[in-house]
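S.K.: Each residue of the sequence shown is one higher than the one before, starting from 35 at the first, in my numbering.
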Amino acid sequence: MTEAEKEELEKLRALIAKVGKPRRRVVQRKRISAPEVLNEAPTYGSAFSRGLRIELPGYSLLFISGTASVNEEGKTAHVGDFKAQVWRTFRNITALLASEGATWYDVVRTTCYLRDIDRDYKAFNEVRTQFYRELGLDPLPASTGVQAKICRPDLLVEIEAIAIIPKEE
Numbered sequence: 035m036t037e038a039e040k041e042e043l044e045k046l047r048a049l050i051a052k053v054g055k056p057r058r059r060v061v062q063r064k065r066i067s068a069p070e071v072l073n074e075a076p077t078y079g080s081a082f083s084r085g086l087r088i089e090l091p092g093y094s095l096l097f098i099s100g101t102a103s104v105n106e107e108g109k110t111a112h113v114g115d116f117k118a119q120v121w122r123t124f125r126n127i128t129a130l131l132a133s134e135g136a137t138w139y140d141v142v143r144t145t146c147y148l149r150d151i152d153r154d155y156k157a158f159n160e161v162r163t164q165f166y167r168e169l170g171l172d173p174l175p176a177s178t179g180v181q182a183k184i185c186r187p188d189l190l191v192e193i194e195a196i197a198i199i200p201k202e203e
């Protein structure tokens, strides 16, 4: 660690110690996973959950982390095949949603990260449109497309999703 990093870490630890644990009730959170299609990120050194379920009065929120064409062993699936990566990404998100009793009909927002938006957006939109049509999804989720460096050079697309599930009365 550099001296600057050490200094910042020390100040961060002091701030955390000062703030302490919350004295109020913390929102209920549960980790979402779908090991049958993709592994847990910490198994290959990344510090995030595949998704979180937040319980609120009357409904639950699902926050699906940026999900890509990663298989159950944590390896990139379909290296170099953009459209196949998009399909695998949709399959992974579908499994994460299903693990919590949700579907794409519950998804209200997506953020779509493309490594090369100029080159790949048309192909991305073709796959997404076909997928949503096959589901009969209407209205469509709100969505934003962004060019971004994704965590691995062989991953070409990554999608985040937010879903809302009403609670049974």
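By construction, the Cβ of each residue, glycine as well, lies at the ideal position given by its N, Cα and C atoms. All of these numbers come straight from a predicted model, not from anything done at the bench.
Enumerate in chain order the residues of its own chain whose CB-to-CB distance from Ala20 is below 8 Å, with the five nearest sequence positions on each side excluded.
M.R.: Shown here, the chain extends from 35 to 203; a query on residue 20 therefore has no answer.
S.K.: Under a three-way DSSP split, which group does Thr178 fall into?
M.R.: Correct three-state label for Thr178: strand.
S.K.: With distance defined between alpha-carbon atoms, name the residue in Gly114, Thr36, Val53 and Lys52 nearest to Arg186.
M.R.: The shortest Cα separation from Arg186 among Gly114, Thr36, Val53 and Lys52 belongs to Gly114.
S.K.: Along the chain, where does the beta strand (DSSP E) that runs through Tyr93 open and close?
M.R.: That run of the beta strand (DSSP E) goes Tyr93 to Thr101.
S.K.: Are the CB atoms of Lys64 and Arg84 within a distance shorter than 7 Å?
M.R.: For Arg84 and Lys64, no; Cβs fall outside 7 Å.
S.K.: Note down, in chain order, each residue of its chain lying with its Cβ closer than 7 Å to the Cβ of Ala197, except the 5 sequence neighbours on either side.
M.R.: So the list reads Leu96, Leu131, Ala136, Asp140, Val141 and Val142, once near-sequence residues are dropped.
S.K.: For the putative contact between Asp154 and Leu190, defined by C-beta atoms under 8 Å, what is the C-beta separation to the nearest angstrom?
M.R.: Asp154 to Leu190, Cβ: 6 Å. Contact.
S.K.: Any idea if Thr163 is buried or exposed, counting beta-carbon neighbours within 10 angstroms, 16 or more meaning buried?
M.R.: Exposed, by the Cβ-count rule.
S.K.: In whole angstroms, give me the CA-to-CA distance for Pro175 and Lys40.
M.R.: Distance between the alpha carbons of Pro175 and Lys40: 43 Å.
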